[in-house]
Amino acid sequence: MANNYCYYLVACLALYAYPVVTQNDFNNPYDQNAQAYWQQIQQRPQDLIDQQFSRPSYSFQEIQRQAQQQQQQRLQQQQLQQQQQQQLQLQQQLQQQRLQQQRNQNFNQNPTMFRERQNYNSFASRYAPPTLRLQAGSAPYVLTEMRLAEIREEFMYWYFDRGGDNDLGDYQTDIHGSMPQIHKNFNFQLPFFGFRFNYTRVSMNGYLEFSDPPKHYRYPLSFPIKEWPKKNDPSFIGIFFSKCRIGSLRTDDIDRRKPGVYFRLERDLQARTDQFGVEMRERLMWDIREGVVGADSFVPKHSAIITWKNMSFAGGIDNSLYRTNTFQMVLATDEVFTYAIFNYADMQWTSHTEAGGDTTGGEGGVPAFVGFNAGNGTRSYEYYPYSQRSTIRDLVGRGWANNFPGRHIFRIDENIMLGTCNKDIAGTNLPLVFAPESGNMLGGTVVNITGPCFEPGDKVRCKFDTEEVVGTVVNRNRAVCIQPFLMAEGYVIFDVAIGDEKYNWKGKYFVETPATATERIRFQDAAIRERKPKEIKITWEKQNLTTNFDAQIEISLYGYREVTIAPELVFIDVIAKNIPNSGEYIINPDAFEDRDNTKNLDLTFGFLQIKLTNPTMYSGISISP
Numbered sequence: 001m002a003n004n005y006c007y008y009l010v011a012c013l014a015l016y017a018y019p020v021v022t023q024n025d026f027n028n029p030y031d032q033n034a035q036a037y038w039q040q041i042q043q044r045p046q047d048l049i050d051q052q053f054s055r056p057s058y059s060f061q062e063i064q065r066q067a068q069q070q071q072q073q074r075l076q077q078q079q080l081q082q083q084q085q086q087q088l089q090l091q092q093q094l095q096q097q098r099l100q101q102q103r104n105q106n107f108n109q110n111p112t113m114f115r116e117r118q119n120y121n122s123f124a125s126r127y128a129p130p131t132l133r134l135q136a137g138s139a140p141y142v143l144t145e146m147r148l149a150e151i152r153e154e155f156m157y158w159y160f161d162r163g164g165d166n167d168l169g170d171y172q173t174d175i176h177g178s179m180p181q182i183h184k185n186f187n188f189q190l191p192f193f194g195f196r197f198n199y200t201r202v203s204m205n206g207y208l209e210f211s212d213p214p215k216h217y218r219y220p221l222s223f224p225i226k227e228w229p230k231k232n233d234p235s236f237i238g239i240f241f242s243k244c245r246i247g248s249l250r251t252d253d254i255d256r257r258k259p260g261v262y263f264r265l266e267r268d269l270q271a272r273t274d275q276f277g278v279e280m281r282e283r284l285m286w287d288i289r290e291g292v293v294g295a296d297s298f299v300p301k302h303s304a305i306i307t308w309k310n311m312s313f314a315g316g317i318d319n320s321l322y323r324t325n326t327f328q329m330v331l332a333t334d335e336v337f338t339y340a341i342f343n344y345a346d347m348q349w350t351s352h353t354e355a356g357g358d359t360t361g362g363e364g365g366v367p368a369f370v371g372f373n374a375g376n377g378t379r380s381y382e383y384y385p386y387s388q389r390s391t392i393r394d395l396v397g398r399g400w401a402n403n404f405p406g407r408h409i410f411r412i413d414e415n416i417m418l419g420t421c422n423k424d425i426a427g428t429n430l431p432l433v434f435a436p437e438s439g440n441m442l443g444g445t446v447v448n449i450t451g452p453c454f455e456p457g458d459k460v461r462c463k464f465d466t467e468e469v470v471g472t473v474v475n476r477n478r479a480v481c482i483q484p485f486l487m488a489e490g491y492v493i494f495d496v497a498i499g500d501e502k503y504n505w506k507g508k509y510f511v512e513t514p515a516t517a518t519e520r521i522r523f524q525d526a527a528i529r530e531r532k533p534k535e536i537k538i539t540w541e542k543q544n545l546t547t548n549f550d551a552q553i554e555i556s557l558y559g560y561r562e563v564t565i566a567p568e569l570v571f572i573d574v575i576a577k578n579i580p581n582s583g584e585y586i587i588n589p590d591a592f593e594d595r596d597n598t599k600n601l602d603l604t605f606g607f608l609q610i611k612l613t614n615p616t617m618y619s620g621i622s623i624s625p
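According to the UniProt record's numbering, the sequence shown is numbered sequentially starting from 1.
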């Protein structure tokens, strides 16, 4: 302390040590201004001269006392500011708690009136919805078709930076440069790539992790890691696996929510009756049903929304904080099937500096990894043609799931199945996603197809073994083909082509024999085995034909024979026509006594067929809300 005061004393003395001015200083004959100034000084009163050239003198004790007083004043000011800030925060918290208690009380008393009065719009508000659930006796929320269409028009799912239990919404304050990931418990089972997890780790670096990573990564990234088990092979879902840091808002950013990582968990959706729970369930359900083939009966039970907003790249200069990417991952599961939605809203950089990117724009190095890894040296799925390639920028403009550019959907529970089209892949044996993957050899199975990108008016050609049929375009990501009658059983090649192109998209389709195929039409009793029954009652699942229950159907009888080299499936007669799709019908054999089918007496094996009277009228309806 003594040395510090000495330095302070020397500085003060230096500050006030003006030089002594004499006439000799102004006797320069070449400086007329100096001489004139000296004459003015001589004419001034002596007190002004003394005031101008006098210098104060301070003792060491005086300087020490003043320094201590200034230090005490600064400390008192800081303490006062801290107390005022703490009081302000406490007042804000108490006010927020009172408002939340009042909202909950009003909501419980009259939920409908409260919604109308508050006019709460989850997309327009930055405040998270209340965490309460409707109490017994409260009216459940009813979602209208208009409201469903309204919320499904939004590209990004919900995330909030205000409200909630801590007034931070979904924002994760614990994720930052010093701690890039945090642990989250699901408290439900999430099937992923052949494993099941009830937890995850949310990483600032664009992925969800389920097991430990290796100590270091080499670029370009390659999974599964070949050195496992000597080197950790992590299980993860990577929407944009790259070293990130939280960026900054630009002046032209319309969305002013805070940059960083957001995490929102919504559980027990199937039993929820509150507004947000119902809207979350229905939006997810229809986005996935329309986005992925084979998901027509999926109902989400639990979901998680993870959003990386305004994320910059690691290793950049200060100005690079304004070069940011925004992307979002939505997980939905019923604890049997799991689906992942990737939403890419904005992309302005592709690689961090450790991967070879430059420090100003995040370009030029190895781009981010996009895909999935099962871990433990098992399997991986890299999303081509985007992952670790320059075409990664196209993620924002491609995908077209639910007709949104930038949205990509996957099924991820056992295997990774792509739910969106892939326009840029070129080759002769491209993977085809279709459902169902099997059908009765008699034909009639509606096969949904995803793989190539379809345009309205495209001619879609499907070839089952050697039989070719023309399909119908449903949307950009999906087309349907009706399986024809096939003279084969077991696995056959299933090819798809667009227009006059070659059959580049390929898969394997399993053909079931009538003896092994699942019965779609059932007889209710043993009357079918009687020689002359009075009536025969049949039933079927009406949803298998269409969700439009006003549609008219036709029931026909077919026979099968092998009297020549080529087997024949022969049409015999119409049993009923233009009847409602009720799921049941009673056949009266006496009504067919006058029918002449003598030419088909050699048929000993037959089938009933139920089909829509006018199927083209209902094309696409079965996959719409």
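Yeah, the Cβ is synthetic: ideal placement off N, Cα and C, and Gly gets one too.
DSSP lists Q552 as the beta-bridge partner residues of P580. Around the beta carbon of G357, a 10 Å sphere encloses 16 or more other beta carbons of the protein chains shown; the residue is thus reported as buried.
Looking at the backbone, the Cα of D287 and that of G451 are separated by about 18 Å. The beta carbons of N319 and T360 sit closer together than 8 Å. Ranked by Cα distance from N477, the first of F485, E455 and A124 is E455. With 16 or more other Cβ atoms from the protein chains shown falling within 10 Å of its own Cβ, E290 counts as buried. For secondary structure counted as the beta strand (DSSP E) over 3 or more consecutive residues, the region 267-353 holds these complete runs in sequence order: 302-313, 325-333 and 338-346. Bridge partners of E512 according to DSSP: N440. For D167, DSSP assigns no beta-bridge partner whatsoever. Straight across, the Cα-Cα distance linking P580 with R256 is about 54 Å.
Between the region 340-347 and the region 396-405 there are three or more C-beta pairs closer than 8 Å, enough to call the two in contact. According to DSSP, residue pairing for M417 in a beta bridge involves R411. About 37 Å separates the CB atoms of D525 and V492; that is not less than 8 Å, and the two are not in contact. Within 10 angstroms of the beta-carbon of A515 lie fewer than 16 other beta-carbons, which makes it exposed. An exposed status is given to Q82, since fewer than 16 other beta-carbon atoms sit within 10 Å of its beta-carbon.
Boundaries of the beta strand (DSSP E) harbouring L208: Y207 to E209, taken from the DSSP string. For the pair F571 and Y558, the Cα-to-Cα distance works out to about 5 Å. V293 is not a Cβ neighbour of F155, given a cutoff of 8 Å. Under the Cβ criterion (8 Å, minimum of three pairs), the region 190-202 does not count as touching the region 223-230. DSSP places P129 outside both helix and strand once states are collapsed to three, so it counts as coil. Per the C-alpha coordinates, the member of S211, G238 and F241 positioned closest to K231 is S211. DSSP places I610 in the strand class (E or B) of the three-state scheme. Under the three-state reduction of DSSP output, P484 falls in the coil class, being neither helix nor strand. Collapsing the DSSP output to three states places S235 in coil. K301 is positioned such that its CB atom lies closer than 8 Å to that of E335.
Burial is judged here by how many other beta carbons sit within 10 angstroms of a residue's own beta carbon; P367 has at least 16 and is buried.
Pairing I553 with P589 gives a Cβ-Cβ distance that is not under 8 Å.
Here the C-alpha atom of Q85 lies approximately 15 Å from the C-alpha atom of L75. Excluding the 5 residues flanking it on each side, A355 has same chain C-beta neighbours closer than 6 Å at Y219, G365 and V366, in chain order. Residue range E145 to R152 is occupied by the alpha helix (DSSP H) that includes A149. Here the region 244-261 does not lie against the region 270-279, with fewer than 3 beta-carbon pairs under 8 Å apart. When DSSP reads this structure, K184 sits in a beta bridge with T200. A distance below 6 Å between beta-carbons, with the five flanking residues on each side excluded, links F197 to the following residues of its chain, in chain order: L190 and F210. Bounds of the beta strand (DSSP E) holding K537 are I536 to W540. Boundaries cannot be given for I175, as no beta strand (DSSP E) includes it and DSSP labels it neither H nor E.
Where F523 is concerned, the enclosing beta strand (DSSP E) starts and stops at I521 to F523.
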